[in-house]
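Structure, as structure tokens:
4 protein chains.
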Amino acid sequence: MVGGGSDAFIGAVHRRAALMENEIELVCGCFSVNPEISISSGRSYYVPDNRIYTTWEEMFEKEAALPAEERMDFVTIVTPNRFHFGPAMRALELGFNVVIDKPMTLSLEEALKLRDKVRETGLTLALTHVYSGYPAVKEAKKRIARGDIGRVRRVFVEYSQGWLTQRIELKGGNNAVWRNDPKQAGKGGCVGDIGTHAWHLAEYVTGGRVTELCAELQHVAEGRPVDDDACAFLHFDKGFTGLLQATQVATGEENNIRLRVYGEKGGLEWRQMEPNTLYMKWIDRPAEEVRMGNGYGFLTDFTKHNTRVPGGHPEGFIESFANIYRNFAYTVRARSAGETPSEEWLDFPTVEDGVRGMQFIETMVAAGYDRDQKWYKWVEE
Amino acid sequence: MVGGGSDAFIGAVHRRAALMENEIELVCGCFSVNPEISISSGRSYYVPDNRIYTTWEEMFEKEAALPAEERMDFVTIVTPNRFHFGPAMRALELGFNVVIDKPMTLSLEEALKLRDKVRETGLTLALTHVYSGYPAVKEAKKRIARGDIGRVRRVFVEYSQGWLTQRIELKGGNNAVWRNDPKQAGKGGCVGDIGTHAWHLAEYVTGGRVTELCAELQHVAEGRPVDDDACAFLHFDKGFTGLLQATQVATGEENNIRLRVYGEKGGLEWRQMEPNTLYMKWIDRPAEEVRMGNGYGFLTDFTKHNTRVPGGHPEGFIESFANIYRNFAYTVRARSAGETPSEEWLDFPTVEDGVRGMQFIETMVAAGYDRDQKWYKWVEE
Amino acid sequence: MVGGGSDAFIGAVHRRAALMENEIELVCGCFSVNPEISISSGRSYYVPDNRIYTTWEEMFEKEAALPAEERMDFVTIVTPNRFHFGPAMRALELGFNVVIDKPMTLSLEEALKLRDKVRETGLTLALTHVYSGYPAVKEAKKRIARGDIGRVRRVFVEYSQGWLTQRIELKGGNNAVWRNDPKQAGKGGCVGDIGTHAWHLAEYVTGGRVTELCAELQHVAEGRPVDDDACAFLHFDKGFTGLLQATQVATGEENNIRLRVYGEKGGLEWRQMEPNTLYMKWIDRPAEEVRMGNGYGFLTDFTKHNTRVPGGHPEGFIESFANIYRNFAYTVRARSAGETPSEEWLDFPTVEDGVRGMQFIETMVAAGYDRDQKWYKWVEE
Amino acid sequence: MVGGGSDAFIGAVHRRAALMENEIELVCGCFSVNPEISISSGRSYYVPDNRIYTTWEEMFEKEAALPAEERMDFVTIVTPNRFHFGPAMRALELGFNVVIDKPMTLSLEEALKLRDKVRETGLTLALTHVYSGYPAVKEAKKRIARGDIGRVRRVFVEYSQGWLTQRIELKGGNNAVWRNDPKQAGKGGCVGDIGTHAWHLAEYVTGGRVTELCAELQHVAEGRPVDDDACAFLHFDKGFTGLLQATQVATGEENNIRLRVYGEKGGLEWRQMEPNTLYMKWIDRPAEEVRMGNGYGFLTDFTKHNTRVPGGHPEGFIESFANIYRNFAYTVRARSAGETPSEEWLDFPTVEDGVRGMQFIETMVAAGYDRDQKWYKWVEE
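Chains as they are written, first to last, in my numbering: chain A, 56 to 436; chain B, 56 to 436; chain C, 56 to 436; chain D, 56 to 436.
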């Protein structure tokens, strides 16, 4: 693991998600750029001292030098964006599979290099667009694919947070600091941090790909150097259109993701803050509350594979992360054994999604501040 | 009453709303362009035969000829859009006050003429943007005005319906027919029918006025001659921005209006389908469910004036209409008596809102189909 | 109208409900025991001075003396419980139909006398158990009757309020005063005021009748002379059982009624504070949100008869009252014309329900304080 | 681990909960009474062959014979009720700490023996009343304890499931079989399986203890040998009262737990199916939605200790289990080191709760079928 020291947030989520299924062990790590934090964190995670490293470079070299059955099987990179590309590229070069948080890199250019390296090595890279890990999102994807709501016409996706309402990054000591520093986070603020999640959900669930967009990016909190609010009209390759809304200045909102897709015959809605229900809406009959884990024969096998407990026992954010880790682990293991992973196992975001994510950010940034040009084609590689 | 025959929908709502408060009697009407329906409808409403008319022209002439204490005090016009301007203008010319459904006219040009006539005569015209009649919307307006959520930054308003998912207008015999005929409805389809409601809510609640917008209008159902889906980025004069979303092809949605306003200190949310709650959201403390009718001292007098029953006893759509009618009636009576109506009484949409509504439609239609120009200034009179 | 002065709560609801449908006019009244309030109230309701009375006895005599086409058709009694029996009995004796608020009388003995008088005269008496007037409750009734959820097994009904958490009756000047005075309200406090509503809903919806019960009544607020909390296990004649819970000391609750019925094949749930949805639950498929007013062909005609607006436009408490008034009016008119009212028109609570309601109160009061006897048979007339 | 083979439900939950925090490893187990399932399950959990056992007796002997630093630190028992007492008692005799699922034993007699053994050995026993592990339940407990809602007056707790609506136990091959067999489950059906959870929540949150109760137990599904529906009026030692409702025949319900506590100044409500919100209700101000994980300073440290992710990222059932495991692990470790565990660490149900749980079942069973005696004192040890 690179990052995830005891002072970090998302690292602990990754750790729990990885461990929960008993398919993954934490064997080594460089948990912080601060050597003391790395060591104390590693010890608190029960990692032996000789495998707690103080730089990721050292970690990769030493792990690569270990016998195959001892060295780590993959590395998880949970650092701020600017420390994504370097470790990921080096890990791939040394033959390690990679799990990496989104957005994948600091720039599209870096993303393309990573993609080429993955293609070249045949290794596996998973990108933790965690919201696509929820069972109800998977159920939505499968239902759309099999035509339950008819031809898709409109996608509405919103992601509202309020934690950046004030410029708390100026106080320091929190997750807002690097996210609002373009050198560490990249060109996008809100659009990179949560806009990419919203975009990914829309493409994941519908199976469509954005081709052009009209956007407005705003710096709502005075003086903030990156956007904290972004919205866009989206056109997709399959002929339908969408509206994307992401904001981090919606005062009082927590992590309010809401996805709706409307087709010719029906519609569906999912809300992340109560993630175990998928609402199906119809022209000619009452709306249905499709509940994850429920024993009735109304859920796809694809969904059941990603569900742990019976209906009424809520699953949450960590379980959603764990779905990505488990599917990634099964895929890595299958490929290591020369086998072909199943469709269920391959169901996690990859380096290709990472490239599209960076294209999304760059297209949004180009379009979002331009008062003159209305529509922007998707930035192509 | 002009329109509102037994075959119509909104006329019955107007009637109930007007009668509920025992301040208004139904004394005469031309209830349909079809004389038979007008007569049978009038009789079923207990209107005496001699005051059931078969044309509105006849009605206005004959009523105007009655002694002052007998003739109608005002006329309600609840016909399709193209029959708004004519009756309204004639009523004003003859000295009658007017209640009219939205959008006010078929074109901005007509709207401006009506406005001039109202200004000239000093008569009162109420426009039934019913959603601004809900107590919780009024509470939101007052709270924003007194600074509860700080300076406003973002307004999100959406209005989703699904009843036009299919081209039911082709079947005939329903409310969709005239709404999808530009000759009867005007240039806007969805943008006129429900987009104007969404826009009005945003301006009513925040007290801001849209100055420019970037829009996309779509004809989602194949072959439909008017838009059935419209969305826009909005810029307001007070420095904040907004996102408006209106659609009539959101399959399975009924009348899903959701308004959110976020300020520097807090946010608020209101949903029409459960209209008796206003959600207040905060940076530094739990969200609150502010309930209409509740006895705690947390509601403004402005709101209480528009509430009929104690908390927990739901009020709905008809009561919201009745608030407009009651306030209109109080205002007309006060003005007739040479008195100045109170702020509470004057709280209903007027001819000025009607003009702005037509400007909204015309700006949206201009902006919504133009692939090249991003921002459109508000169409000025 | 007897009662309903400008200082009362429920009278205004009755008035609006009666007027909304344009089937009923307010022609006379004795609006208060205080003559001044009666007169000023009557004038504010536009009742002519000669038909504003200062005692109900006077009103009934004078109205009875008017020509048939002039005198009132029925009287609405909206006074505290102890003033129910007298006016109702006298009205029936003089040939007037009656609408009366619940509980019908101060004692079972009075109730039986009223029932005998109704049977003797053939007049119509409606009891405003308003919650059975909601469309979704009617839909529930019809669905159960036609077997949608299979044989009924369990009924859970709760009615929670918090307004009597403190002994506000001691402050005076509010609706709590007479409700907590056994001389004015009768033996039951909470059990009479809201427990009867809960009981009535259970019988109305299931079609079953309580045969015996085990109850606990409590005076939670110290020193209160009547119960403010009541719960009971119920046994019904049709073989199923139920649980009833009513409280007025559930701090912070408004008017939280929740009804659930479970059968062998399905279950249903309704909540008064969002009254336009009926939730249907199933063993083998997703739960459904059955929405009132929705155009899909999934609602019974019985329900549609009691619905005013399309789905998504909320109806509320006053509309529910209006359903009782309208059905009563249709029934009275049909009977006056020698016709047989339809099943839809006859759908309002009658004097028979009023008798059962008093039996409920008396059985609960007997059972609720007895530490020794577990089960009480329904008090028979 | 005893039980939890690949064919079981709750074992997998325990495993994930135990592993998630990286404080516990799965080192050995007897995962099934079927040796083949035990071995294949153990292997799939990556337990070495030499520590996969085919009887729990063998496991305990062999583990006890291992050097202290190698042998298991505690055992988790996740078998049907009748296999609780034997392994638990033997584990304690051999010096192992114990985690055990509820209800603790088959009878009160067994429970008392276990309690005596725990007291005698000073070992730690945790009982997985998982619902008390939710952060919002802990917040409720602390708020009540510090007087936020004033003196408690009424507790309403309900637990509704529908999965036993039909007699699926007759089909075999599912979790319903042993639960509906008194020899395997004990005297209580519903009352033992879920009634105990409801009772425990009520005592945990309020800090009160039931002293007497009036109950009705029913066998709603025809022919079922144990109760599938139970309700009770409860009297607590601290002077307040409650209503408990548990059912497994509420067709279509999943795992619907709802807890409400009302005091003199406020009330609170929690619902397990959306567990991350605690609703606070007040006489004199709007209800609040207190959200777990939210950064505002409105949550107790006690709650924060049991929360993993920021507000808006839902936690669920497995995290709640993990709270019990983590607190248990911290306590065991502290005690092993001769230290005193903190209040937070000691916050898990113990053998004393297990005894009370069996008392609850036995009291309910005695009271629930007796038509003559109304109130039953709590069965004392």
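We put the beta carbon where it would ideally sit given N, CA and C, even for glycine.
Any chain B beta carbon closer than 8 Å to residue i
i         : result
Phe291(A) : no
Glu271(C) : no
Arg209(A) : yes
Asp339(D) : yes
Phe353(A) : no
Leu74(A)  : no
Pair within 8 Å by beta-carbon distance, residue i and residue j
i         : j         : result
Asp128(C) : Val406(C) : no
Glu309(C) : Gly352(B) : no
Thr183(C) : Val154(C) : yes
Leu57(A)  : Thr134(A) : The amino acid at residue 57(A) is misidentified as Leu; the sequence shows Val. Contact: yes.
Val210(B) : Thr251(B) : no
Thr418(D) : Lys197(D) : no
Any chain A beta carbon closer than 8 Å to residue i
i         : result
Leu81(D)  : yes
Asp284(B) : yes
Gly58(D)  : no
Whole-angstrom C-beta distance between residue j and residue i, which should lie under 8 Å
i         : j         : result
Tyr334(C) : Ile79(C)  : Not really, about 34 Å apart at Cβ, beyond 8 Å.
Lys429(A) : Gln428(B) : 7 Å
Ala240(A) : Val281(A) : 7 Å
Pro404(B) : Ala181(B) : 7 Å
Asn311(D) : Met328(D) : 6 Å
Range of the contiguous beta strand (DSSP E) that encloses residue i
i         : result
Thr296(A) : Thr296 to Thr302
Ala285(A) : Asp284 to Phe291
Ser391(A) : Per DSSP, Ser391(A) belongs to no beta strand (DSSP E); it is in the alpha helix (DSSP H), Phe372 to Ser391.
Val210(B) : Val207 to Ser215
Gln273(D) : Val265 to Gln273
Thr131(C) : Phe129 to Val133
Neighbour flag for residue i against chain D, beta carbons, 8 Å
i         : result
Gly177(C) : no
Lys429(C) : yes
Glu344(B) : yes
Thr306(C) : yes
Start and end residues, alpha helix (DSSP H) containing residue i
i         : result
Thr332(C) : Thr332(C) -> not in any alpha helix (DSSP H); beta strand (DSSP E) instead, spanning Thr332 to Trp337.
Glu417(D) : Val406 to Gly423
Ser96(C)  : Pro90 to Ser99
Glu164(B) : Leu163 to Thr176
Glu148(D) : Phe140 to Glu148
Gly66(C)  : Ile65 to Met75
Ala231(D) : Ala231 to Arg234
Contact with chain C by residue i, beta-carbon distance below 8 Å
i         : result
Glu329(B) : yes
His368(B) : yes
Check: residue i C-beta below 7 Å from any heavy atom of the ligand SAH
i         : result
Met335(A) : Ligands are entirely absent from the displayed structure, and the ligand SAH is therefore not among its contents.
Discussion item. Can you pull out the residues from the region 312 to 327 of chain A whose beta carbon lies closer than 8 Å to at least one beta carbon of chain B?
Written reply: Arg315, Tyr317, Gly318, Glu319, Lys320, Gly321 and Gly322
Practice prompt. May I ask you to list, following chain order, the residues of the region 164 to 175 of chain C that have a beta carbon less than 8 Å from some beta carbon of chain D?
Written response: none
Worksheet item: Residues in the region 221 to 252 of chain B with C-beta within 7 Å of chain C's C-beta atoms, listed in sequence order?
Response: none
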